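So the sequence shown is residues 9 to 232, counted in the working numbering. Backbone N, C-alpha and C define an ideal beta-carbon position, used for all residues, glycine too. Fair warning: this is a prediction, and the values are worked out from it, not measured in the lab. Notes to accompany the following structure.
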Amino acid sequence: MWLTLIRHAEPAYVVDGVNWSDPDLTDRGREQAVRVAKRVKQWDVDELWVSPMVRARSTAEPIAEQTGLETQEMGWLAEIQHPPDWDGSPADEIEAFFATALQRSIEEMWEGAPGGESFRDFHRRINDGLDGAFTERGIKQAQPEMLWSGTDERRVVVVAHGGTNALILGRLLGIDPLPWEWDRFSHVHSGVSRLITRPTAGFAAWSLRALSDRTHLPPEMVTG
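Next comes the structure, spelled out in C-alpha cells:
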C-alpha cells in the first residue's frame, strides 16, 4: 500500500494585517497546487482523501482534475482547531502567541492554544479517524507490534495539513506523539511525504520513503 501525504499549498493567512484561520490559497499557492497536481498525475492513484478546510480543498482541486479522481472529504483530517476569536484578529497578536508558544511547559503545550482544540484531543481525533478509514478498507493494526493486516496494492493520496500529516506519520511509524509534531515532521507547502507497506513477520510494516519532498517546486516557490 502507498499512503502519500501532501500538505496544502500556501494559504493567505494574513490579509491587510488581519489573521484568518481557514483562508483560501495565495496566487503562489495556486501555482504550487498545480505543480504538485501534475506530479500526482504521474502516479497510479486509487483514492484522494481531502481535509474539509478551504486551503486543502483548493489544493486538491487541480489534483482531482489531473487524475479524474473524486475527492473524498474527511472531517477528521482537519488541522488542529485554533480559538474561534483568532479569526479576524490582528495578525501581530497571533504571531506574538506563536513566538512564545514553544517556551511554555510541556503540560501547557499539550493543552494547545487557550480556547482552541487541545493537542490531546487533536491526536485522538486523527488516530480515531485514521483507524476508521482503514477499518472501512479492511486494514487493521496487529497488536501489540506496529504491524498491520489487510493492506493491499491500494495507492492513496491525502491532502491535509502540517499537523495532521505529522501525526499520521508518527502513528504509522510507531513513534510516541509529542505536542510539537509540526516541528518533528516539518512540511513545506505542497510538500510530499510517502509511506509504503513492506511484508514483515506475516503482516505489513510501514516504511517512510519521502518526507516533505518539494522537487516539483523551483527554489523561489518553496514556502512554509
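Compare the Cα-Cα distances from residue i to each of the options and report the closest residue.
| i | options | result |
| --- | --- | --- |
| residue 164 | 186, 200, 171 | 200 |
| residue 183 | 227, 131, 159 | 131 |
| residue 151 | 123, 171, 213 | 213 |
| residue 228 | 153, 40, 81, 178 | 40 |
| residue 154 | 138, 181, 128 | 181 |
| residue 204 | 177, 190, 185 | 177 |
| residue 26 | 100, 179, 119, 139 | 100 |
| residue 107 | 115, 121, 24 | 121 |
| residue 13 | 78, 217, 149 | 217 |
| residue 171 | 87, 113, 11, 71 | 87 |
| residue 51 | 65, 72, 36, 35 | 72 |
| residue 9 | 115, 148, 159 | 159 |
| residue 225 | 70, 198, 211 | 198 |
Within this structure, are the beta carbons of residue i and residue j separated by less than 8 Å?
| i | j | result |
| --- | --- | --- |
| residue 193 | residue 168 | no |
| residue 1 | residue 63 | Residue coverage of the chain in this structure runs from 9 to 232, which leaves residue 1 outside it and unanswerable. |
| residue 196 | residue 166 | no |
| residue 187 | residue 117 | yes |
| residue 49 | residue 80 | no |
| residue 82 | residue 146 | no |
CA-CA distance, residue i and residue j?
| i | j | result |
| --- | --- | --- |
| residue 54 | residue 104 | 42 Å |
| residue 125 | residue 157 | 32 Å |
| residue 133 | residue 119 | 15 Å |
| residue 111 | residue 98 | 22 Å |
| residue 84 | residue 209 | 31 Å |
| residue 38 | residue 139 | 31 Å |
| residue 43 | residue 222 | 10 Å |
| residue 161 | residue 202 | 14 Å |
| residue 57 | residue 128 | 23 Å |
| residue 143 | residue 149 | 9 Å |
Look up residue i in the DSSP assignment and say whether it is helix, strand or coil.
| i | result |
| --- | --- |
| residue 151 | coil |
| residue 127 | helix |
| residue 160 | coil |
| residue 190 | helix |
| residue 110 | coil |
| residue 119 | coil |
| residue 94 | helix |
| residue 51 | coil |
| residue 36 | helix |
| residue 19 | strand |
| residue 227 | helix |
| residue 207 | strand |
| residue 77 | coil |
| residue 166 | strand |
| residue 24 | coil |
| residue 176 | helix |
| residue 63 | helix |
Does at least one heavy atom of the ligand ADP sit under 7 Å from the Cβ of residue i?
| i | result |
| --- | --- |
| residue 207 | Absence of the ligand ADP is noted for the structure shown, with no ligands found whatsoever. |
Whether or not the stretch 15-26 and the stretch 61-79 are in contact is what I'm after, with contact meaning three or more pairs of Cβ atoms, one per stretch, closer than 8 Å; do they touch?
Result yes; three or more Cβ-Cβ pairs closer than 8 Å.
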